[in-house]
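Peer 1: Here's a structure for you.
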Ligand code: TRP
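Numbering (our numbering), first residue to last: 34 to 405.
Put into structure tokens, the structure is as follows:
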């Protein structure tokens with residue numbers, strides 16, 4: 034139907050067909066039996082139940098290793114190019130759920146090097162500054178300091194470099210060009226970079242001196258990096274990392290991925306004040322009709338509505354209430370103004386709490402950050 038969309042770590046465009054993406058990438062959908070296995074170990078997170086984390090590689094193997102008592106480590110990351118927005122925090126909250134449920138250690142990579150190399154306008158100092166700023170948002174989500182290591186690439190490179198060069202030696206330029214869609218104009222740092230994103234998959238194994246399985250919760254746009262990693266992992270003496278992939282949270286302006294760089298007003302940042310956040314929510318794209326009369330008669334369309342999507346992704350964790358909202362929208366019982374106001378209340382409660390925790394995080398940075 035639509036062949037037009039593209040998803041790579043460096044370019045997301047078009048109207049993404051997530052089922053088709055599973056085919057293209059060669060991943061597996063998370064099915065009911067896998068979800069039942071999760072249910073043996075703890076609550077099923079709403080993002081799993083609702084198919085937001087919907088695809089995986091070897092997640093069944095990770096659960097088997099856990100059930101055998103081997104355990105596993107978690108790894109995720111952030112490219113610090115600007116402030117954190119709500120969409121970024123989705124995979125991180127899921128990572129926290131995994132950490133809490135499986136008591137797993139988390140390695141959190143801040144790729145200041147990557148963002149410097151990929152963005153013309155960003156200096157290395159700025160990327161580093163954003164890394165420290167973003168670390169506050171990560172810490173504020175409540176990760177366990179005893180089980181979480183956060184690091185900037187430029188500050189942990191001494192530890193990572195030997196493994197990065199071993200990885201790099203096994204990766205051909207032709208692979209990188211094909212996987213990421215690069216051409217001759219890409220700088221050579223960006224060509225090398227995937228080897229740096231590979232290393233944290235193995236940091237726990239290196240630290241323990243034995244092979245430890247690694248699970249990466251991430252947006253599905255990051256999968257291409259780890260396809261490369263999986264191809265070389267065993268050749269380096271490690272397990273292939275397993276992955277669990279999320280759909281990309283739509284922006285308030287409609288279906289496309291939330292982006293810091295495009296439309297500021299369609300994106301709610303974790304540090305937005307009440308007035309700013311409210312304005313953004315009240316201007317969101319909805320599935321409403323042109324007039325109140327028509328909407329009362331015909332109902333709205335929650336499937337295309339950013340406000341409904343926000344409820345689905347995070348802000349209405351209660352399935353019964355979400356189903357009610359869906360029904361009330363379709364029947365014309367609830368109008369967009371009220372629906373937005375209700376969403377805003379939930380968002381502001383979330384942000385207010387986050388901003389408090391973020392202040393406290395300033396005193397906790399050294400409990401989380403590791404350096405060479
Ligand atoms: N490249 C990612 C980005 O630009 C950051 C990142 C590094 C990452 N390691 C990761 C994301 C592991 C998910 C999982 O945002």
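Cβ atoms here follow ideal geometry from the backbone N, Cα and C, with glycine treated the same way.
(1) Find the nearest neighbour of residue 258 within the set 110, 333, 317, 69, judged by alpha-carbon distance.
(2) Is it right to say residue 182 is buried, meaning 16 or more other beta carbons lie within 10 angstroms of its own, or is it exposed?
(3) Taking buried to mean at least 16 other C-beta atoms within 10 Å of its own C-beta, is residue 387 buried or exposed?
(4) At a cut of 8 Å, does the region 268-280 reach the region 73-93 through at least three beta carbon pairs?
(5) Measuring straight from C-alpha to C-alpha, what distance separates residue 293 and residue 178?
(6) Is residue 234 a contact residue of the ligand TRP, with contact defined as CB to any heavy atom under 6 Å?
(7) Report the residue from 365, 302, 158, 373 whose alpha carbon sits nearest the alpha carbon of residue 391.
(8) Quick one: give me the first and last residue of the alpha helix (DSSP H) that residue 191 is part of.
(9) In whole angstroms, what separates the C-alpha of residue 349 from that of residue 281?
(10) Between which residues of its own chain and residue 290 is the CB-CB distance below 6 Å, once the five residues before and five after are set aside?
(11) Is any non-hydrogen atom of the ligand TRP found closer than 6 Å to the C-beta of residue 251, if you look at the structure I gave you?
(12) Please report the distance separating the alpha-carbon of residue 209 from that of residue 374.
(13) I want to know whether the region 351-358 touches the region 113-131 - three or more CB-CB distances under 8 Å.
(14) Helix, strand or coil for residue 314 per DSSP?
(15) Return the first residue and the last residue of the beta strand (DSSP E) that residue 87 is part of.
(16) Please go through the same chain and pick out, in chain order, the residues whose beta-carbon is closer than 8 Å to the beta-carbon of residue 216, but skip the five residues on each side of it.
(17) According to the Cβ coordinates, are residue 151 and residue 223 closer than 7 Å?
(18) I want to check one thing, is the minimum distance from the CB of residue 112 to the heavy atoms of the ligand TRP below 6 Å?
(19) Comparing the CB of residue 262 with every heavy atom of the ligand TRP, is any distance shorter than 6 Å?
(20) DSSP on residue 382, reduced to helix/strand/coil?
(21) Can you tell me whether DSSP reads residue 54 as helix, strand or coil?
(22) Closer than 8 Å is the cut-off here; do at least three beta carbon pairs connect the region 184-192 with the region 156-167?
(23) Buried or exposed for residue 401, going by 16 or more other Cβ atoms inside 10 Å?
(24) Cα separation between residue 232 and residue 180?
(25) Could you name the residues of the same chain whose beta carbon sits closer than 6 Å to that of residue 266, not counting the 5 residues immediately before and after it, in chain order?
(26) My guess is that residue 246 and residue 105 are in contact by the Cβ rule of under 8 Å, so how many angstroms apart are they, rounded?
(27) From residue 311 to residue 254, what does the alpha carbon distance come to, in whole angstroms?
(28) Please indicate yes or no: does the CB of residue 255 lie closer than 6 Å to some heavy atom of the ligand TRP?
(29) What residue range does the beta strand (DSSP E) around residue 39 cover?
(30) Identify the residues that DSSP records as bridge partners of residue 108: which are they?
Peer 2: Working from what's here:
(1) Taking the first residue of the chain shown as position 1, residue 258 is located at position 225. It is 110.
(2) Here residue 182 refers to the residue found at position 149 when the chain shown is read from its first residue. So residue 182 ends up on the buried side.
(3) Numbered from 1 along the chain shown, position 354 holds the residue referred to as residue 387. Per the 10 Å Cβ criterion, buried.
(4) yes
(5) Start at 1 with the first residue of the chain shown, and residue 293 comes out as number 260. Start at 1 with the first residue of the chain shown, and residue 178 comes out as number 145. Low confidence applies to residue 293: its pLDDT is 47, below 50, so where it sits in the model is not reliable, and the reading given next is rough at best. If I take the Cα positions, the gap works out to 28 Å.
(6) Taking the chain shown and counting its residues from 1, one reaches residue 234 at position 201. Result no, Cβ not under 6 Å from the ligand TRP.
(7) For this step, residue 391 is matched to residue 358 along the chain shown. Residue 302 is the option with its Cα nearest to residue 391.
(8) Translated into the one-based positions of the chain shown, residue 191 becomes position 158. Looking at the DSSP string, the run of the alpha helix (DSSP H) that includes residue 191 is 186-202.
(9) Here residue 349 refers to the residue found at position 316 of the chain shown. Here residue 281 refers to the residue found at position 248 of the chain shown. The alpha-carbon atoms of residue 349 and residue 281 are separated by roughly 18 Å.
(10) Within the chain shown, numbered from 1, the residue matching residue 290 stands at position 257. With a pLDDT of 46 at residue 290, under the threshold of 50, the predicted position of this residue should be treated as unreliable, though the coordinate-derived value follows. Excluding positions up to five away in sequence, the list reads 45, 281.
(11) Walking along the chain shown from the start, residue 251 turns up at place 218. The answer is yes for residue 251.
(12) Locating residue 209 in the chain shown gives position 176, counting from the first residue. Locating residue 374 in the chain shown gives position 341, counting from the first residue. Distance between the alpha carbons of residue 209 and residue 374: 46 Å.
(13) no
(14) Your numbering for residue 314 matches position 281 in the chain shown. Helix.
(15) If you number the chain shown from 1, residue 87 lands on position 54. It spans 86-90 - the beta strand (DSSP E) in which residue 87 sits, taken as one unbroken run.
(16) Counting from 1 along the chain shown, the entry for residue 216 is found at position 183. 210, listed in sequence order.
(17) Counting from 1 along the chain shown, the entry for residue 151 is found at position 118. Counting from 1 along the chain shown, the entry for residue 223 is found at position 190. Closer than 7 Å, so yes.
(18) The count along the chain shown starts at 1 and reaches residue 112 at position 79. Answer for residue 112: yes, Cβ within range of the ligand TRP.
(19) Sequence index remark: in the chain shown, residue 262 carries index 229 (1-based). Every heavy atom of the ligand TRP is 6 Å or more from the Cβ of residue 262, so no.
(20) Translated into the one-based positions of the chain shown, residue 382 becomes position 349. In the structure shown, residue 382 sits in a helix (DSSP, three-state: H, G or I).
(21) For this step, residue 54 is matched to residue 21 along the chain shown. Three-state DSSP puts residue 54 in a helix.
(22) yes
(23) Taking the first residue of the chain shown as position 1, residue 401 is located at position 368. Its Cβ being crowded by 16 or more others within 10 Å, residue 401 is buried.
(24) One-based indexing of the chain shown puts residue 232 at position 199. One-based indexing of the chain shown puts residue 180 at position 147. About 18 Å.
(25) Start at 1 with the first residue of the chain shown, and residue 266 comes out as number 233. Closer than 6 Å at the Cβ level, and outside the excluded window around residue 266, lie 273.
(26) The count along the chain shown starts at 1 and reaches residue 246 at position 213. The count along the chain shown starts at 1 and reaches residue 105 at position 72. Yes, residue 246 and residue 105 are in contact; Cβ-Cβ is about 4 Å, under 8 Å.
(27) Taking the chain shown and counting its residues from 1, the one referred to as residue 311 is at position 278. Taking the chain shown and counting its residues from 1, the one referred to as residue 254 is at position 221. Near 29 Å, if we compare the C-alpha coordinates of residue 254 and residue 311.
(28) Counted from its first residue, the chain shown places residue 255 at position 222. Yes, since a heavy atom of the ligand TRP falls inside the 6 Å radius drawn around the Cβ of residue 255.
(29) Against the chain shown, residue 39 aligns to sequence position 6. That run of the beta strand (DSSP E) goes 39-41.
(30) Walking along the chain shown from the start, residue 108 turns up at place 75. Paired residues: 140.
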